[in-house]
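Taking our numbering, the leading residue of the sequence shown gets 3, the next gets one more, and so forth.
Built from N, CA and C at the ideal position, the CB exists for glycine as well.
These notes concern the structure reproduced below.
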Amino acid sequence: MFDNLSDRLGGVFDRLKGRGALKEQDVRDAMREVRVALLEADVALPVARRFIDAVTEKAVGQDVLKSVTPGQQVVKIVHDELVEMLGGPDSEGLKLEAKPPVVIMMVGLQGSGKTTTTAKLGKLIREKHGKKAMMASLDVNRPAAQEQLQVLGEQVEVATLPIVAGQQPVDIARRSMEAARLQNFDVLLLDTAGRLHVDEALMAEMKAVAGVSVPTEVLLVVDSLTGQDAVNVAQSFSGEVPLTGVVLTRMDGDARGGAALSMRAVTGKPIKFAGTGEKLDAIESFRAGSVADRILGMGDVVSLVEKAAATIKEEDAEALAKRMSKGQFDLNDLRMQLQQMQNMGGMGVLAGMMPGMKKAKAALAASDMDDKVLVHMDAIIGSMTAKERANPALLNAKRKRRVAAGSGTEVPQVNKVLKMHQEMSRAMKQIKKMGGLKGLASMFGGGGLPGMGGGGPGGASGMPGLGGPGGPQGGPGVDPNTLPPDLKKLLDNK
Numbered sequence: 003m004f005d006n007l008s009d010r011l012g013g014v015f016d017r018l019k020g021r022g023a024l025k026e027q028d029v030r031d032a033m034r035e036v037r038v039a040l041l042e043a044d045v046a047l048p049v050a051r052r053f054i055d056a057v058t059e060k061a062v063g064q065d066v067l068k069s070v071t072p073g074q075q076v077v078k079i080v081h082d083e084l085v086e087m088l089g090g091p092d093s094e095g096l097k098l099e100a101k102p103p104v105v106i107m108m109v110g111l112q113g114s115g116k117t118t119t120t121a122k123l124g125k126l127i128r129e130k131h132g133k134k135a136m137m138a139s140l141d142v143n144r145p146a147a148q149e150q151l152q153v154l155g156e157q158v159e160v161a162t163l164p165i166v167a168g169q170q171p172v173d174i175a176r177r178s179m180e181a182a183r184l185q186n187f188d189v190l191l192l193d194t195a196g197r198l199h200v201d202e203a204l205m206a207e208m209k210a211v212a213g214v215s216v217p218t219e220v221l222l223v224v225d226s227l228t229g230q231d232a233v234n235v236a237q238s239f240s241g242e243v244p245l246t247g248v249v250l251t252r253m254d255g256d257a258r259g260g261a262a263l264s265m266r267a268v269t270g271k272p273i274k275f276a277g278t279g280e281k282l283d284a285i286e287s288f289r290a291g292s293v294a295d296r297i298l299g300m301g302d303v304v305s306l307v308e309k310a311a312a313t314i315k316e317e318d319a320e321a322l323a324k325r326m327s328k329g330q331f332d333l334n335d336l337r338m339q340l341q342q343m344q345n346m347g348g349m350g351v352l353a354g355m356m357p358g359m360k361k362a363k364a365a366l367a368a369s370d371m372d373d374k375v376l377v378h379m380d381a382i383i384g385s386m387t388a389k390e391r392a393n394p395a396l397l398n399a400k401r402k403r404r405v406a407a408g409s410g411t412e413v414p415q416v417n418k419v420l421k422m423h424q425e426m427s428r429a430m431k432q433i434k435k436m437g438g439l440k441g442l443a444s445m446f447g448g449g450g451l452p453g454m455g456g457g458g459p460g461g462a463s464g465m466p467g468l469g470g471p472g473g474p475q476g477g478p479g480v481d482p483n484t485l486p487p488d489l490k491k492l493l494d495n496k
């Protein structure tokens with residue numbers, strides 16, 4: 003998401019940061035380019051105009067132009083204004099602390115992704131918030147809509163209200179409220195019907211359902227790919243029903259991001275979640291700071307840590323930590339790391355979240371390297387015997403040919419996997435010399451490392467604090483030149 007805008011802004015700010023001193027005209031010229039970039043990203047004209055005026059007013063001040071690093075100061079101002087445009091530094095999550103059952107009413111046009119999003123939220127509420135949730139479909143117009151939610155409920159292990167043929171939406175809402183109370187559900191998600199466009203019948207039905215269920219949250223689901231039309235739909239709904247937030251779907255396919263950038267400013271409603279794929283766990287809390295970081299190529303460490311905490315099994319992390327502390331790292335360990343990378347979204351997603359990895363992500367795209375590489379590497383390791391994985395030194399030329407044939411690859415690809423293992427194994431031995439994981443963690447600003455617990459925001463499955471202003475710990479950071487040669491080489495290659 004935001005790829006086009008991020009590339010355009012990156013070019014503008016690289017030119018600004020490359021100059022030792024800035025004149026007022028330099029800033030105004032740069033802001034003109036930023037304005038064009040925002041409009042090309044399908045940001046609403048009034049929103050783009052207000053943004054540029056606010057940034058320019060602050061950026062042409064003497065404190066910025068006379069500072070030691072004026073280019074970086076301008077980038078910081080743009081970042082802060084982006085955060086403000088997207089909803090402010092404090093993200094607004096779901097309000098789940100009301101008297102149960104807390105009712106979350108999902109509204110929106112037909113085809114926006116309401117039913118799938120309802121299931122995603124049900125899964126999120128069960129897994130992340132630890133609450134007992136039930137879903138009910140009030141869509142009696144679209145064929146098999148109720149059956150669709152029922153199937154999704156089975157997939158995400160969230161209860162659904164039994165279907166009663168011929169029952170109308172208001173009656174279904176009443177029955178679901180009664181069932182949720184009797185069965186002690188904490189949260190009730192109501193998936194309402196949609197229309198092809200905003201009309202009186204749609205609004206009347208939603209108001210009637212809201213009157214019966216008294217929802218704590220009314221979430222509007224809109225398709226971000228429709229750009230400014232998504233913003234117009236949000237305006238129409240916010241004028242008719244008491245919306246508490248917006249969920250933007252298909253954000254993974256929206257390279258422009260205009261709907262996200264305009265939504266809060268135009269409607270006054272916070273964006274609470276972003277759908278980032280078809281899988282039922284592909285939904286993220288929408289944090290203005292993290293989105294601004296991604297747009298400006300600063301990474302998104304918080305989301306990276308959350309993905310790690312959600313996908314890395316604690317017992318695996320503990321076992322790997324013990325082996326790393328002893329300087330041990332075999333091909334089984336490498337295979338586990340590759341599988342975790344796939345589970346966290348693949349190389350492209352991870353590179354986009356790592357600070358300073360924007361160029362690496364572009365290089366991956368340019369070289370046609372995709373997550374098939376991870377699949378091939380996993381196949382290569384899977385074609386080895388248990389003894390070979392535990393002791394790669396056994397792999398002579400004959401064995402390598404057998405592994406290549408078994409994995410459908412070539413011997414040079416097998417050699418690349420073995421070379422990667424050798425470099426990572428050397429790095430593990432260097433970590434042991436530096437005092438193990440705790441010694442390395444202290445270098446990185448005291449953040450938690452896998453299996454160590456504490457420290458990082460990810461808990462036992464945390465990631466190292468990356469230091470500097472962009473890292474979650476705000477630690478002192480690390481001078482790469484002070485690292486041992488093998489570890490520095492490994493980090494440089496990444």
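Taking the alpha carbon of E533 as the point to measure from, which residue in V249, D225, A195 has its own alpha carbon closest? Given that the chain is displayed from residue 3 to residue 496, the structure contains no residue 533 and the question cannot be resolved.
Say whether the stretch 143-158 touches the stretch 112-124, bearing in mind that this needs 3 or more beta-carbon pairs closer than 8 Å, one atom from each stretch. yes
N-terminal and C-terminal residue of the alpha helix (DSSP H) that T120 is part of: 116-129
On the premise that L88 lies in contact with R266, defined as a C-beta separation below 8 Å, what is that separation, rounded to the nearest angstrom? 6 Å
Determine the DSSP secondary structure at V269, reduced to helix, strand or coil. First, the amino acid is wrong: residue 269 is Thr here, not Val. It is helical.
Using the three-state DSSP reduction, which class does I285 fall into: helix, strand or coil? strand
CB S215 to CB V104, shorter than 8 Å? no
If you check the beta carbons only, do K130 and F187 fall under 8 Å apart? no
Contacting residues, own chain, Cβ-Cβ under 6 Å from D28 (five flanking each side not counted): none
Can you check which of these residues, V419, Q424, D31, T387, is closest to L340 by C-alpha distance? V419
Length of the line joining the Cα atoms of K271 and L245: 7 Å
Inter-residue CB distance, A46 and V166 (contact presumed, cutoff 8 Å): The Cβ separation is near 43 Å, so there is no contact.
Check whether the Cβ atoms of L126 and V189 lie closer than 8 Å to each other. no
What does DSSP give as the partner residues of T162 in its beta bridges? M137
Can you tell me whether G408 is helix, strand or coil according to DSSP? helix
For a minimum of 3 consecutive residues, which ranges assigned as the beta strand (DSSP E) are wholly contained in the stretch 161-230? 189-193, 219-225
Would you list the one or two residues that DSSP bridges to I383? DSSP lists no partner for I383.
Within the same chain, show all residues whose beta-carbon is closer than 8 Å to that of R2, passing over the 5 residues directly before and after it, in chain order. The structure shown does not extend to residue 2, since the chain is modelled only from 3 to 496, so the question has no answer here.
Is it true that the CB of L18 sits closer than 8 Å to the CB of G73? yes
Own chain partners of M108 with C-beta closer than 7 Å, once the 5 adjacent residues on each side are dropped: K116, T119, T120, L191, L192, D193, T194, L221, V223
Let me know if R183 comes out buried or exposed under the rule of 16 or more other beta-carbons within 10 Å of its beta-carbon. exposed
Between M205 and L163, which are expected to be in contact by the criterion C-beta below 8 Å, what is the C-beta distance as a whole number of angstroms? That belief does not hold up - the Cβ atoms of M205 and L163 are roughly 24 Å apart, past 8 Å.
Since I believe M386 is in contact with D405 (beta carbons under 8 Å), could you give me their beta-carbon distance rounded to a whole number of angstroms? Note on residue identity: the sequence assigns Val, not Asp, to residue 405. Confirmed, about 6 Å.
Just to check my reading of the structure: F15 and V62 have Cβ atoms closer than 8 Å, yes? What is that Cβ distance to the nearest angstrom? Not a contact, Cβ separation roughly 16 Å.
So, helix, strand or coil for P396, using DSSP? Checking the sequence shown, residue 396 turns out to be Leu, not Pro. Helix.
Buried or exposed: where does G277 fall if 16 or more other Cβ atoms within 10 Å of its Cβ makes it buried? buried
Near V49, which residues of its chain fall below 6 Å by C-beta distance, leaving aside the five closest residues on each side in sequence? S264, A267
C-alpha gap between N393 and D335, whole angstroms: 12 Å
Using only the alpha-carbon positions, how far apart do R37 and S8 sit? 13 Å
Enumerate in chain order the residues of its own chain whose CB-to-CB distance from F239 is below 8 Å, with the five nearest sequence positions on each side excluded. V109, G110, V200, L222, L245
If Q237 sits next to T269, beta carbons under 8 Å apart, how far is it from one beta carbon to the other, in whole angstroms? 6 Å
Beta-ladder partner(s) of A100, from DSSP: None; A100 has no bridge partner.
Give a yes or no on whether the C-beta atoms belonging to L96 and K274 are separated by under 8 Å. yes
Residue closest to E504, alpha-carbon to alpha-carbon, out of E207, G260, H81, L154: Residue coverage of the chain in this structure runs from 3 to 496, which leaves residue 504 outside it and unanswerable.
Closest Cα partner of A399 within the set M422, N417, G168, G90: N417
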